[in-house]
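Notes for the one structure printed next.
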Amino acid sequence: MADVPLIQPGRVQLDGVPQATLPTITPPQVDYIGMRAGAQSAGQLSQLLDRMSTQLFGQAEQYAKEAGMQYVADNPVTQAQIDSAKKGDTTPLIYNTGQGTIFEKTVKKARALELSSHFEAEARNELVKLVNEVDAGNATSADVQNRIATMTEGYTASLRQVDPEASLKFRATIATHGNTVLKAAYETELKRAKEQRVAKFDLDFNNSVRLLEKTVEQGYWLDPTTNKPRSIDELAGVFRENIATSAMLLGDAGIQQKYAAQFEKALGEAKINAVTKFVTSDDFMSNPQAGLQMIRSGQLGKMSIVWQEMPQDAKAKVTANFLLADNQRNDLEKRKRDDEKRVNEQRSIDLLERIFTLPDTSQARRDLITELTSIPNNGVPIGTLKELLDPNQKEGNPRVQFNLLQGIYDGTVNTPDQIWSLVGKGLTGKEAVSALKLMTGEGRRDEAELARGLNKLAGINVTGGVVVLDPKGAEFQRLNGLRARATELQAAAMREGKVVMPSQIIDQLTRELEQRRNSEQAKQARTQLQTYEKMDWINGPITADKIAALERKAGNDRQKLQQINRIKQLLKQAEGDI
Amino acid sequence: MAIFSPATVQAITQVSGAVSSVAGLATSYASSQASKAQGIYQNAMYQMQALDTLRLAGIRADQEERYAAIQAGRKLKAAEFEALNYKIQGNTLLRNLQRTNAAVRARAAANGVDINTGSVSAVQDYNTKASYQDIGVTDLNGLMARVLGFEDSLNIYAAGKQQADLTRDAADRQARELRTAGKFAETSGGLLGNAQLALGVQNFANTFVNPFNTGGKP
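Chains as they are written, first to last, in my numbering: chain G, -12 to 565; chain F, 520 to 737.
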């Protein structure tokens, strides 16, 4: 039975209890947007109401302010109210209902501003008066300060009752203007005080300088202890110190520097003046050569010490002053001599004029000659005198006369000797006297101007040296023509009682010449000249200067010489010659 | 040289001022209407959103129920299969018992031993007892699988139903909220518009100058 099959139990196990399936339930989220929207709407509504109420209240405030302003505009402040306010009683000005409304506040503010404007205007008026008083010196800075303070306090106190802000504004405005006036008052006072001190100092300075000048004129000072002469500079040091101390007390470095410089300048000038006075004294100037030598050696007597301490440029000034004084002295003597000579010469000319009118054999002529020869320094050389009085004198030379007149006009002939030297050499005695009269006459300048103008118009070059003039030449003839015309013009002017200047005569003559040059005849002549200019043997521009060269070139060629004669005529016509 | 006289310039200025005031009023009116329109538009948007929420929630709840039913069915079927498996296991144990006891009896018979008595019978009883012991366990397992599977299935189905209910309920609430928001938006837009119009009218009254009045006074 051993192999009987047996079944073993327990092969099957109980199944474990599985996890229960527990599904998760998720409740969906709900967005409570309705409540939020409600809250938001309420907020918006609240804001809206705020805005509307702000605007409406603002509008109402604006209306209230406008009404207040209108009230003030309709009821302007009266003089009685202003006067009352000035006395400190502003009750009549204030619109007071006790409710403190915007209307009331606006009325108050507007009233305050109105009052402030009145007060400011009055205060400004007062300040302007104060400024004028300060400028006139009738108000001191203390006066100004008191008056500004009183005025400001009074007005401010009244305004404060109406509106403190307007009061503050008024105080600030008046303080600004008041400070300006006060500052001006202080500055005026300071300036005046300083000017007084400076004026006093200036007077003292001038006195010191005058004392210094007197001291310098002494040349030195004696030391009381040693009884020896001492330098002026040592004494000047005391003056310098006093002036510097006084100037510094004024509290202005600029003044100190100015007066220090002035003192040094005054000291230097005082030395120069003192030494100059010494060296230009009659005693010192009696012998200028010796005086100059003394100056150069520095031996100037009492002024020796001063001289030695003077700087080189000051010494140079003194030397120059000495030389100038010497020159002036010499000039005066020379002028005196010249005056005497001129008087004598004039007297001689008068005598000579009278002599020439008398017959050679008359007694009067002889007397006048005796009187002429008895005049000292009559200016007439003895040889010339003989020539002058020679009854058989030769005829004068126009060329010499022209050059002599030209020289007188130019100023190159300016002494009687130059005229006397020509007597008998182309100049008669009578002509010499006329020339001398012209030279010493007063209207020479005008005559010279007229002569220069006429020469220029005539084509005579008189810029320098002696003019070689052909009396038969075209220029001389043209000059004589112009002179004659000028004389005509002068005579015509004299007849009409007019005064004509040389320049007017020259202008008139120039216009006439231009008219002639621009005449048809002159133009035709110039056109014809162009024909000659193109000729083979000429071939170039033709002027009066070239005539001589053309004549040489023509030689004995008759035809060419005829052409030259024609050219001369055409040139005259082209130049408008009469 | 001026093109217009001062009087003409003043008249032009007055007309310009009046035109500006009227234009300002028109702008205020337009702005007011725009605010109202915006409120209505916002309300409409909220209404649309509410409808959409409800529709989507219905779909979602239906799906949730459907998924829960499927899941519960599947769970029930799995439990049934498991119970069957335990039944098959018990049958296997019975077949093994039958075969074993048959062998015992065959051997006994071959050896001339009475099969219903003695040790042979005892062996057979033992085998039977042992087998039924295991079969009892298997049967219990099958029963437990059936019971637990049913229970899980029930839970899944119930949960699906509850989720769907919750979804519908939340959607209802959300839709109500949206409708409320819409009403507020429309109301706010209207109020705002009215206020703007009121301010515009006030500004117009402050700024309008009648150009046809002499002296240019309003």
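Glycine residues also receive a C-beta, built at the ideal position from the N, C-alpha and C atoms.
Check, Outcome
"Cβ contact check for the stretch 634 to 641 of chain F and the stretch 699 to 706 of chain F: 3 or more pairs under 8 Å", "no"
"Span separating the alpha-carbon of F669/F from that of M564/F", "47 Å"
"For R(-2)/G, the three-state DSSP class (helix, strand or coil)", "coil"
"V186/G, enclosing alpha helix (DSSP H) - first and last residue", "A quick correction: the sequence has Ala, not Val, at residue 186/G. Its alpha helix (DSSP H) spans residues 151 to 205."
"Uninterrupted alpha helix (DSSP H) stretches inside the stretch 352 to 434 of chain G (no shorter than 4 residues)", "369 to 375, 385 to 397, 403 to 407, 416 to 427"
"Inter-residue spacing [alpha-carbon to alpha-carbon] between N610/F and E583/F", "41 Å"
"Within-9 Å CB hit, R614/F to chain G", "no"
"Beta carbon proximity, V720/F to chain G, threshold 9 Å", "no"
"DSSP state of W567/G mapped onto helix, strand, coil", "Because chain G in this structure spans residues -12 to 565, residue 567/G falls outside the shown range and cannot be described."
"Sub-9 Å separation of N620/F and N646/F beta-carbons", "yes"
"According to DSSP, residues forming a beta bridge with L209/G", "P216/G"
"For L146/G and R134/G, believed in contact at Cβ under 8 Å, the rounded distance", "With a Cβ gap of about 18 Å, R134/G and L146/G do not count as contacting."
"DSSP state of T143/G mapped onto helix, strand, coil", "helix"
"Completely contained alpha helix (DSSP H) runs for the stretch 229 to 288 of chain G, where each covers 4 or more residues", "240 to 266, 269 to 272, 275 to 284"
"Residue-chain proximity (I634/F, chain G), Cβ-Cβ < 9 Å", "no"
"Proximity below 9 Å, CB of L100/G to CB of D150/G", "yes"
"Exposure label - F271/G; buried when at least 16 CB within 10 Å", "buried"
"Contact with chain F by Y173/G, beta-carbon distance below 9 Å", "no"
"Whole-angstrom distance between Q557/F and A791/F, CA atom to CA atom", "As displayed, chain F neither begins before 520 nor continues past 737, which places residue 791/F out of reach and without an answer."
"E327/G beta carbon less than 9 Å from that of A253/G", "no"
"Cα-Cα separation, Q66/G to I242/G", "55 Å"
"Closer than 9 Å to chain F by CB, M56/G", "no"
"Chain-order list of residues whose beta-carbon lies under 8 Å from that of G543/F (same chain, five-residue window excluded)", "G719, N722, F723, T726"
"Run of the alpha helix (DSSP H) containing V118/G, from where it starts to where it stops", "89 to 123"
"Nearest to N229/G (by Cα), restricted to the options Q205/G, V196/G, E256/G, Y207/G", "V196/G"
"Integer-rounded CB distance, given that V203/G should sit under 8 Å from L114/G", "Incorrect: roughly 55 Å between the Cβ atoms, too far for contact."
"CB contact check: Q552/F to chain G, cutoff 9 Å", "no"
"Helix, strand or coil at K485/G according to DSSP, with G and I counted as helix", "coil"
"Secondary structure of G527/G, DSSP reduced to three states", "coil"
"Backbone CA spacing between R341/G and S361/G [nearest angstrom]", "16 Å"
"Interface positions of the stretch 18 to 30 of chain G facing chain F (Cβ-Cβ less than 8 Å), listed along the chain", "D18, Y19, I20, G21, M22, R23, A24, G25, Q27, S28"
"CB of I292/G within 9 Å of CB of F309/G, strictly", "no"
"Residues of the stretch 112 to 146 of chain G with Cβ closer than 8 Å to any Cβ of chain F, in chain order", "none"
"Classification of Q280/G by the beta-carbon crowding that lies within 10 angstroms, buried from 16 upward", "exposed"
"Residue-level contact to chain G via CB, E584/F, 9 Å cutoff", "no"
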